[in-house]
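Undergrad: Here it is, the structure, as structure tokens.
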């Protein structure tokens, strides 16, 4: 059965796509750290080892990112943060916060020039509960004519990763922010250098859910933060460096899921090395129910997170499923058409295919080939 799906709807189903980059000292330089999405998991491959029980695990109050109050959050915010746009490892924006509520941003234009502006910020509560630490970052900048632009960002996720504090924000207001206007990014990832070091230890001989925030293919190192199947942090907010076992080929895994908090089911051996990892998505098989999400819906979620597709969805293009599959690199991929939905017809413009493991391909009509989407 053909199904329609709005690009805006898919963006609300999952964590937004994000981007990130590595702060090198105080210089603001960066290397690649991109794209967080959730993908499908083959439960039978991880059923041999039971998932670690999460009951009774409490957050460590000594964790600097487990904010005790608003003042603790302000302490972490204070300083300069670096932002890299989607599908780029080059910093394009630097934003600085002061403890007393001032903010300053510096944007790099495509022509190499810079623009700067000063404003203010406030910390508020997304949920109106006095006991909850503020989790809404409201940034305001004055503009011509005496007006003020306001952008609201939910502090969605946070972690300590390889010498950096990482904040994943989610834009909550309907208007444009600097990130959405200049980079078509409504879920930016900010990073800044820190001297804090992780205190935890890697899991040995376990199968567990983890958010992957960084991967180094040269050293075969994967930085993983312990989470629930819903992506909620467990224990300390820190990503620990795991070594991949010799038989695990990291280059064969979807690269867009190996950075910025992609959720995986991870299995380690008795030495703490990762022996198997598979992308995870909400919904699982049980004896009574079928999987909560169809393959088409999973593919749509993955596609909506791809940086080459996001601009089209932001322009109002829609996804259309023709119910077809395409065998690419030996895998049955779901074909999704992007186009414009008119009152009485749908104009097909772009063709994509998504593999069961989250790889996204784009169809080249000139060469009649399926190539990796960039």
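In my numbering, the protein residues as written are 483 to 856. Heads up, the beta-carbon is just placed ideally off N, CA and C, and yes, glycines get one too.
(1) Would you call the stretch 624-632 and the stretch 700-708 in contact, with 3 or more CB pairs under 8 Å?
(2) Should residue 694 and residue 741 be called a contact, given that it needs their Cβ atoms to be closer than 8 Å?
(3) May I ask you to verify whether the stretch 639-653 touches the stretch 716-732, counting CB pairs closer than 8 Å and requiring at least 3?
(4) Taking all protein chains shown into account, decide if residue 653 is buried (16 or more other Cβ within 10 angstroms of its Cβ) or exposed.
(5) How is residue 814 classed by DSSP in three states: helix, strand or coil?
(6) Is the number of C-beta pairs between the stretch 664-675 and the stretch 710-717 that are closer than 8 Å three or more?
(7) Are the beta-carbon atoms of residue 753 and residue 686 separated by less than 8 Å?
(8) If I follow the unbroken alpha helix (DSSP H) through residue 600, where does it start and stop?
(9) Could you give the DSSP three-state label for residue 672: helix, strand or coil?
(10) Whole angstroms are fine: how far does the CA of residue 789 sit from the CA of residue 564?
(11) Answer with buried or exposed for residue 634, where buried requires no fewer than 16 other C-beta atoms within 10 angstroms of its C-beta.
(12) Checking 8 Å against the spacing of the C-beta atoms, do residue 674 and residue 561 come in under that value?
(13) First and last residue of the beta strand (DSSP E) that includes residue 650?
(14) Among the candidates 762, 844 and 661, whose CA atom is the shortest distance from the CA of residue 567?
(15) Please tell me whether residue 605 and residue 572 are closer than 8 Å, where the distance is taken between their beta carbons.
TA: In brief:
(1) no
(2) yes
(3) yes
(4) buried
(5) strand
(6) no
(7) yes
(8) Where residue 600 is concerned, there is no enclosing alpha helix (DSSP H), although the beta strand (DSSP E) it sits in stretches over 596-606.
(9) strand
(10) 19 Å
(11) buried
(12) yes
(13) 646-653
(14) 661
(15) no
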